[in-house]
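Engineer: According to the working numbering, the sequence shown is numbered sequentially starting from 57. All residues carry an ideal CB built from backbone N, CA and C; glycine is no exception.
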Amino acid sequence: MWVKSLAEKKCFDDDFELYTEAGIQAARIIPNAPETELKQPPQTAAEITAKTPQNNPLTTTEVTAEIEVAQAVTQGIQPDRQTPVIKFSLNHEYFPVTRRQLRRGWRYLRYPIRSGIAAELDVDATVKRISQQGFFLEPVLASSRANKIELILLIDQSNSMLPFHNLAERLIATARDGERVGQVKVYYFNNAIRDFLYLQPNLEPFKKDKITDLTIHWHQNRTTILIFSDGGAARGGFNPGRIRLTREFFGRIKPMVKQVTWLNPIPQLLMP
57 MWVKSLAEKK CFDDDFELYT EAGIQAARII PNAPETELKQ PPQTAAEITA KTPQNNPLTT
117 TEVTAEIEVA QAVTQGIQPD RQTPVIKFSL NHEYFPVTRR QLRRGWRYLR YPIRSGIAAE
177 LDVDATVKRI SQQGFFLEPV LASSRANKIE LILLIDQSNS MLPFHNLAER LIATARDGER
237 VGQVKVYYFN NAIRDFLYLQ PNLEPFKKDK ITDLTIHWHQ NRTTILIFSD GGAARGGFNP
297 GRIRLTREFF GRIKPMVKQV TWLNPIPQLL MP
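#1: According to DSSP, what are the bridge partners of Ile283?
#2: May I ask you to list the residues that DSSP assigns as paired with Ala174?
#3: Quick one: give me the first and last residue of the alpha helix (DSSP H) that Gln189 is part of.
#4: Please classify Leu253: does DSSP put it in a helix, a strand, or coil?
#5: Could you check how far apart the C-beta atoms of Arg308 and Arg226 are, in whole angstroms? I think they sit under 8 Å.
#6: For Ile32, which of helix, strand or coil comes out of DSSP?
#7: For Tyr167 and Ala202, what's the separation of their Cα atoms in angstroms?
#8: Do the region 164-182 and the region 192-200 make contact, defined as three or more Cβ pairs closer than 8 Å?
#9: Anyone know if the C-beta pair for Ile249 and Ile267 falls short of 9 Å?
#10: I'd like to know if the region 296-304 and the region 267-280 are in contact, where contact means that at least 3 CB-CB pairs between them fall below 8 Å.
#11: Could you confirm whether any beta carbon from chain C is found closer than 9 Å to the beta carbon of Ile267?
#12: Tell me which same chain residues have a C-beta within less than 8 Å of the C-beta of Gly172, skipping the five on either side of it?
#13: Taking all protein chains shown into account, decide if Thr92 is buried (16 or more other Cβ within 10 angstroms of its Cβ) or exposed.
#14: Nearest-angstrom Cα distance between Thr230 and Leu319?
#15: Please go through the same chain and pick out, in chain order, the residues whose beta-carbon is closer than 6 Å to the beta-carbon of Lys241, but skip the five residues on each side of it.
#16: Check whether the Cβ atoms of Ser285 and Met217 sit closer than 9 Å, and answer yes or no.
#17: Could you name the residues of the same chain whose beta carbon sits closer than 7 Å to that of Asn26, not counting the 5 residues immediately before and after it, in chain order?
#18: Take Gly340 as the anchor and find which of Leu325, Gln276, Leu62 has the nearest alpha-carbon.
#19: I'd like to check one pair, Ile322 with Leu210: are the Cβ atoms closer than 9 Å?
#20: To the nearest angstrom, how far is it from the Cα of Pro152 to the Cα of Gln256?
#21: Starting from Gln239 and walking both ways along the alpha helix (DSSP H), at which residues does that stretch end?
#22: What is the rounded straight-line gap between the Cα of Tyr243 and the Cα of Pro296?
#23: Looking only at its own chain, which residues have a Cβ that is under 6 Å from the Cβ of Gln239, when we skip the five neighbours before and after it?
#24: Taking 8 Å as the limit between beta carbons, can you name the residues of its chain near Lys66, skipping five residues before and five after?
#25: Could you check where the alpha helix (DSSP H) with Asp269 kicks off and where it finishes?
#26: Compute the Euclidean distance between the alpha carbons of Asp71 and Tyr150, then round it to the nearest angstrom.
#27: Taking the alpha carbon of Glu304 as the reference point, which residue from Val313, Gly288, Asp251 has its own alpha carbon closest?
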């Protein structure tokens, strides 16, 4: 007999134990046949006929009733297979932060700019015109504000970041969810940022862009960069080459963007 999970194994063991106990109880209830004495001297046919016990219908009925009672009790105490007891629960919110917390955090990335048709009341401008003209003629309308922030996500796809790939996907999904962030672009790299950034998480060599071509479209007032990487902390120790490349990248992009944030998933106590 083969079962798949521990829960099914436990159900099988319980049922098998109950089945075994029912068989033992039934065996105890049925009387054993009398043992034949081998050393008994030979008897005549008349003596054998006289000593042979007759079938007692009352005794047979009582034994049958007791067996039925034992079987009923066994069936009554068997667990219900349709409703197994589950001692665990599946929950997708096992990350350090929930989806709601991430969505709330993205709201703080704002760079509002008025654009579009003037359909929103400008209270300050209307009050100022009234004070200048001395009377109210018509309100002052202004274009609605839109969040023009540009978020650049740089995701580390090295082997040490493999346990955090699901968290990286959640960062991307919550940033793109709704209109909390004006524009979201995602790029990938391996261990350290060099001259290229990949467009796909599998780091296909033919799908990458030069950093110099990307920085042309960045703006120092509305572009925000978030780097999600362990920086080698998961492996322990320092890598001088990675430190040098990281410093060069920071020195190159800082004058071109509004802010740069590094999110390291490794706890600080485990960092070298």
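Structural biologist: Taking the coordinates as given:
#1: Leu210, Trp318
#2: In DSSP, Ala174 forms a bridge with Ser199.
#3: 179-189 is the span of the alpha helix (DSSP H), which, as asked, contains Gln189.
#4: In the structure shown, Leu253 sits in a strand (DSSP, three-state: E or B).
#5: About 29 Å; that fails the 8 Å criterion.
#6: With the chain represented from 57 up to 328, any question about residue 32 goes unanswered, as that position is not in the structure.
#7: 8 Å
#8: yes
#9: Cβ atoms of Ile249 and Ile267: closer than 9 Å.
#10: No, the region 296-304 does not touch the region 267-280.
#11: Protein chains in the displayed structure number just one, and chain C is not present.
#12: Ser199, Ser200, Ala202
#13: For Thr92, the predicted structure reports a pLDDT of 49, less than 50, and the residue's modelled location is therefore unreliable. The matter cannot be settled from this model.
#14: 16 Å
#15: Ile208
#16: Contact flag set, yes.
#17: The shown model of the chain, from 57 to 328, leaves out residue 26, and the question about it has no answer.
#18: For residue 340 there is no data in the structure shown, the boundaries of the chain being 57 and 328.
#19: no
#20: 26 Å
#21: Per DSSP, Gln239 belongs to no alpha helix (DSSP H); it is in the beta strand (DSSP E), 239-245.
#22: 24 Å
#23: Glu206
#24: none
#25: 267-270
#26: Answer to the nearest angstrom: the Cα atoms are 35 Å apart.
#27: Ranking the options by Cα distance to Glu304, first place goes to Asp251.
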